[in-house]
Structure formats: structure tokens, C-alpha cells
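Step one of this worksheet: look at the structure below.
Number of protein chains: 2
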Amino acid sequence: MLNNWLVKLTNQLVKSSRLKAGGRRRRGPANGHSRERIFAAATAEFAARGFAGASVDRIAATAHLNKAMIYYHFRSKAGLYREILRDMFGAVGARVSAIASSDLPPTDKVRQFVQAIALEAEARPHFPPIWFREVAEGGTHLDPATLGDMLGILRSVSTIVGEGVRAGRFKPINPLLVHAGIVAPVLLFFATTGIRRRIERAGLRGAAQIDRDEMVAHIQRVAVGLLEGRIA
Amino acid sequence: MLNNWLVKLTNQLVKSSRLKAGGRRRRGPANGHSRERIFAAATAEFAARGFAGASVDRIAATAHLNKAMIYYHFRSKAGLYREILRDMFGAVGARVSAIASSDLPPTDKVRQFVQAIALEAEARPHFPPIWFREVAEGGTHLDPATLGDMLGILRSVSTIVGEGVRAGRFKPINPLLVHAGIVAPVLLFFATTGIRRRIERAGLRGAAQIDRDEMVAHIQRVAVGLLEGRIA
DNA sequence: GTCTATAAATAGATAGAC
DNA sequence: GTCTATCTATTTATAGAC
């Protein structure tokens, strides 16, 4: 199967706080990990194939149980996906919010924000693909709660920028432009790791060898330079 | 139906050169526009729902003919999608290549490149969503030919940057970072027009009111500033 | 070139036993 | 909590008449 690496990677992480709090409380004994196994398998499946392309049968097979269990734990395919989205945006939002409300100087907050997006993308390999798919979808699947989480991220950027402006260190730039200039390229970097190797082999030297830290430093430099007005 | 605007918009454009040259030559008379109608309908459908989510039945209905015609003109759903991809990346690649091989100074070429991506996104509303979906997919659908078209775009950026460096006007920055810093935010802008309105209503002022030209000017400034080394 | 009819596989979802 | 079996709708794709 294609994208099998995603399955493996995802299976050994994602223990977000919301995982257990999200659904109904577990009562019985049994193995007890079935919900988590479904969640992990579904995350990989949705990332690799998208909501429409994902198959409940395949998720069940990957999770090593039957699909009736999926409908038992989550109410529908859409419900399952919704929980994954919330978990994802919730985690990113929390991390970013912590940075915004810290007492670092604005410039450091910007650098930390860039780093946070990169860290989150590495910790959750499904984050970049799912993010790109949701953008393409135009927010179709986004229930109000998830939209709220997304909004939180934007609000954090807005807070950081506003703070820098009031402190006289930043130029007043629309936070959405700042956000776009950071998040889109960073996630693109992680989402294209695979293709970049093909591109490299196809003849464009230097495509595959971009270093992760180099890339983060680059975006940090651009974002800070932009906000501090060192760009005409 | 959701995303109906896409159908309408797409129906009245896309007369790319490759449209007729791509498949077998038309022989018979008849209405004769069936192939184009399928192409337009499919483009909108794939943009709105992705490859897996797209339905051949729906494409046929939108194109006002039966689905046997789709298999007659294109050999399969995948074949149809492949042609759309080639048409899209081919058009963007051509426009960008023309800029790279013009005799403008490097700085102007960069500005023109940014403008070109924006123009292409406006002329083809399906370009941003499909681009985002392909990124998420990790290039799964990309046959060698289409990959070649994509590579052409990167090569153009590489050419422009290299030229500027040799002329002593640009700092040597990895072309992929330049490409990512331009294409990703610009396409994000166009892909999120709808959500931005929701975000605005949800309380983040200034989200929906970003002007198109303002945004292009912003990205141009950042890209040029970066390449000319006016960022520490 | 265009159609109808249909094959054949797979989809999401549920019933009901244990 | 976990399973098997199954219902129903929808999917891509083809056969064959005109």
C-alpha cells in the first residue's frame, strides 16, 4: 500500500488529551485500546486519501478490527473525521496560544510561532496533508467548533503582531498575510518531502537537500524582517 | 449544490491550446462540443471534490450528456483527471517560462512571476484547489509528463534567481524556498476567499477585506526584498 | 458520436448474536 | 465491547443499439 509510512508513524504517536475526553466514557474492560487504534488508523487514512477517498473498511482493517466498532465509537465516518480535525487544530491552537500569551518579546514570539508550526508538522505527519485538503475544500467539513480552533490560531498571530505594533517594533501588517507567509510555506515543505526527492532525481539539484532547520531559519528571517520593516 | 459558482465560472473559460490537441482528433460533426463540455464540468467537479470525491455520473449530468461519452472521449476517470492536470500545469508553466526567458531585469521577472501566479489563479478558479489537493496527495496522480510541467515552473524560478545572482543583484537563495514563499501564500489567498468571509464574521476583523492587488504587492515586496538581501 | 441498460465492485451504515 | 452478516445506494466501467 502507498503511504504506509504514514500509518506506521501515526500509530506510535497522537495521544492528545482530547482523545479520551472527546467521546463517551469507556466503561467495559477488554483490550480497551480499540478507540485509539481506530483514531490512529483513520488519521493516516484521511491524510493519505482525503475524506472522500478514505474507506471505512480500510480503516477497520488497519486498526485490526471490524468496522462495526467504528460506528460504535464514532457515530459516522463524518463524525470520526470531525474528531480528528478538532484534535489536530486544537493541539496546534493550544501550542500557538501558549506562545502568544507568554512574556517573550514580540520578535521572539514570531520566531517561536514558526518553530511551533514546524514542530507540530513533524509530531503529526498527517497535519500538513489534512491542512492542505481542508484548504482545498474551502472549509466544507469545518463545524463551528473546529472553525473556532482555526480562528484561535489566527487570533494568536493577530495578538502577536498587534503587540509588536503597540511596542513600536512592528509595522502594522495584516495578520492574515503574516500567517499565510509562514504557515503555507512551512507546511508545504513537510508535505513535499516525497515529491522533492523525485524532483531532485528529475534534474533540479538542491531540491531534496533543503535542511529542516535551514528552512525554519529562513522563514523566521523573512517573517521578522518583514514585520520589523526591514523590507522597503 | 455546493460550489456551483465554480461550475459556472469554469464553463466560460478554459480554451487551452492542449484541449483539442490532447486526445484523438475529432472526426464526426454533431454538436461537437461534448469533449469541451466534459472537460469543463470535470474540472469544476475535481476542484470541488477532489479526485476520489468526484463522481463520473455528476460530471456527465453537469455536462448535459451521459457518462458513456466520458469513457468514449477519455479512457477512464483517471485519464480525464490526468488531462486536466496537464492542461493546468502546462498553462501555468508556459506563462511562467515566457517570463523567465524574457529580457526583463531579474527584479522585474520576480514581480512578474508573482503576478503570473495570481493571474492564472484568477483565470482558472480550479487551479488553487487542485494544486492544494495534489500537494496533499504527495504527487500520487502525477504522471511523468505532468511532473515535467511542474518541474518547468521550478526551473523557471531557478533560472530567474540564478540570473539575478550572476548579475550581482540577488543573494543565492534556494529557488525552492523562493518558490514556496510565493506560490503557497498566493494560492492560499485565492483558495480561502470563501472561508475568509466566515472568519471575518466570526470576529477577526480585516480577514475578508484584503485586496487582491494589495496582496500581490505584498508578496512581491517580500520576495524581492528577500532576494536583494534587504533582510538581515 | 450519442444513447440506454447493466454489469460488477465497493461504499457507508445497521441488525442482532454473543 | 466485539463480532458476522447483510441491506442499500453508489461507484467505475462496458456492451451494444442506433
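Quick note, the sequences are listed as chains A and B, same order.
Note that my numbering has the first sequence beginning at 1, numbered continuously upward.
Note that my numbering has the second sequence beginning at 233, numbered continuously upward.
Note that beta-carbon positions come from the ideal geometry of N, C-alpha and C, so glycine has one too.
| Cα separation between residue 287 of chain B and residue 274 of chain B? | Cα to Cα, the separation comes out at about 9 Å.
| Does the beta carbon of residue 451 of chain B come closer than 9 Å to any beta carbon on chain A? | Yes, its Cβ sits closer than 9 Å to a Cβ of chain A.
| said: Count Cβ pairs between the stretch 308 to 315 of chain B and the stretch 404 to 419 of chain B that sit closer than 8 Å; are there 3 or more? | reply: They do not touch, by the three-pair rule.
| request: Starting from residue 450 of chain B, trace the alpha helix (DSSP H) both ways and give me its first and last residue. | output: Residues 444 to 459.
| query | What span of residues does the alpha helix (DSSP H) with residue 375 of chain B cover, start to end? | reply | Unbroken run through residue 375 of chain B: none, as it is neither H nor E.
| Of all the CB atoms in chain A, is at least one closer than 9 Å to the CB of residue 424 of chain B? | Closer than 9 Å: yes.
| message | At the level of alpha carbons, what is the spacing between residue 166 of chain A and residue 402 of chain B? | response | Cα to Cα, residue 166 of chain A sits roughly 33 Å from residue 402 of chain B.
| Under 8 Å Cβ-Cβ, which residues of chain A neighbour residue 291 of chain B? | Neighbours of residue 291 of chain B on chain A: none; closest Cβ ~14 Å, over 8 Å.
| message | Suppose you measure from the CA of residue 69 of chain A to the CA of residue 36 of chain A; what does that come to, to the nearest Å? | response | For residue 69 of chain A and residue 36 of chain A, the distance between alpha carbons rounds to 12 Å.
| query | In chain order, which continuous runs of the beta strand (DSSP E) of length 3 or greater are located wholly inside the stretch 383 to 453 of chain B? | reply | Secondary structure remark: continuous beta strand (DSSP E) runs of at least 3 residues inside the stretch 383 to 453 of chain B: none found.
| field | Any C-beta of chain B under 9 Å from that of residue 164 of chain A | value | By this cut-off, residue 164 of chain A is not an interface position.
| request: Note down the Cα distance separating residue 407 of chain B from residue 127 of chain A, rounded to an integer number of angstroms. | output: One Cα belongs to residue 407 of chain B, the other to residue 127 of chain A, and the distance between them is close to 25 Å.
| task | Report the rounded CA-to-CA distance for residue 543 of chain B versus residue 293 of chain B, giving the unit in angstroms. | result | Lying before the first or after the last residue shown, residue 543 of chain B is absent from chain B, which here runs from 233 to 464.
| query | Counting contacts by CB-CB distance shorter than 9 Å, is residue 444 of chain B in contact with chain A? | reply | Judged by the 9 Å Cβ criterion, residue 444 of chain B is not in contact with chain A.
| message | Quick check on DSSP: helix, strand or coil for residue 97 of chain A? | response | Three-state result, residue 97 of chain A: helix.
| query | Looking at C-alpha atoms only, which residue of B:337, B:375, B:424, B:427 is the closest neighbour of residue 321 of chain B? | reply | Per the Cα distances, B:375.
| message | Check whether the stretch 134 to 152 of chain A and the stretch 111 to 124 of chain A are in contact - that is, three or more C-beta pairs closer than 8 Å. | response | Under the 8 Å Cβ criterion, the stretch 134 to 152 of chain A does not count as touching the stretch 111 to 124 of chain A, having fewer than three qualifying pairs.
| query | When the cut-off is 9 Å and only beta carbons count, does residue 465 of chain B lie next to chain A? | reply | Nothing about residue 465 of chain B can be read from this structure; chain B reaches only from 233 to 464.
| Cβ distance (whole Å) where residue 164 of chain A is taken to contact residue 227 of chain A below 8 Å | Contact between residue 164 of chain A and residue 227 of chain A holds, since their C-beta atoms are separated by about 6 Å, short of 8 Å.
| Whose Cβ in chain A lies nearer than 7 Å to the Cβ of residue 390 of chain B? | By Cβ distance, chain A contributes 204.
| query | Taking the C-alpha atoms as reference points, what is the distance between residue 386 of chain B and residue 71 of chain A? | reply | The C-alpha of residue 71 of chain A is placed about 45 Å away from the C-alpha of residue 386 of chain B.
| task | Just the C-alpha distance for residue 357 of chain B and residue 349 of chain B, rounded to the nearest angstrom, thanks. | result | Between residue 357 of chain B and residue 349 of chain B, the alpha-carbon positions lie close to 12 Å from each other.
| task | Would you decide whether residue 444 of chain B is buried or exposed? Buried here means 16 or more other CB atoms lie within 10 Å of its CB. | result | Classification of residue 444 of chain B: exposed, given that the 10 Å Cβ count is below 16.
| request: Tell me, to the nearest whole angstrom, how far the beta carbon of residue 265 of chain B is from that of residue 317 of chain B; I am working on the premise that it is less than 8 Å. | output: Rounded to the nearest angstrom, the Cβ distance from residue 265 of chain B to residue 317 of chain B is 22 Å, too far for a contact under 8 Å.
| message | List, in chain order, every chain B residue whose beta-carbon is nearer than 7 Å to that of residue 195 of chain A. | response | Under the 7 Å cutoff, chain B gives 370, 371.
| request: Report the option in A:53, A:93, A:218 whose CA atom is closest to the CA atom of residue 412 of chain B. | output: Nearest C-alpha to residue 412 of chain B: A:218.
| task | Can you pull the chain A residues whose beta carbon is under 7 Å from the beta carbon of residue 457 of chain B, in chain order? | result | Going along chain A in sequence order, the residues near residue 457 of chain B (Cβ under 7 Å) are 231, 232.
| message | Less than 9 Å between CB atoms is the rule here; does residue 332 of chain B satisfy it with respect to chain A? | response | Cβ-Cβ to chain A under 9 Å: no for residue 332 of chain B.
| query | Do residue 53 of chain A and residue 422 of chain B have their C-beta atoms closer together than 9 Å? | reply | Contact annotation: residue 53 of chain A and residue 422 of chain B have beta-carbon atoms that are not nearer than 9 Å.
| message | What does the alpha-carbon distance come out to for the pair residue 209 of chain A and residue 199 of chain A? | response | Cα to Cα, residue 209 of chain A sits roughly 11 Å from residue 199 of chain A.
| message | Only counting the same chain, and skipping five residues up and downstream in sequence, which positions put a Cβ closer than 7 Å to that of residue 58 of chain A? | response | Scanning its chain for C-beta atoms nearer than 7 Å, with the 5 sequence neighbours on each side dropped, one finds around residue 58 of chain A the residues 45, in chain order.
| query | Does the Cβ-Cβ distance between residue 207 of chain A and residue 221 of chain A come in under 9 Å? | reply | For residue 207 of chain A and residue 221 of chain A, no; Cβs fall outside 9 Å.
| Is there at least one Cβ from chain B nearer than 9 Å to residue 145 of chain A's Cβ? | Answer no: the Cβ-Cβ gap between residue 145 of chain A and chain B never drops below 9 Å.
| Taking 9 Å as the CB-CB limit, is residue 184 of chain A close to chain B? | Yes, residue 184 of chain A counts as interfacial toward chain B.
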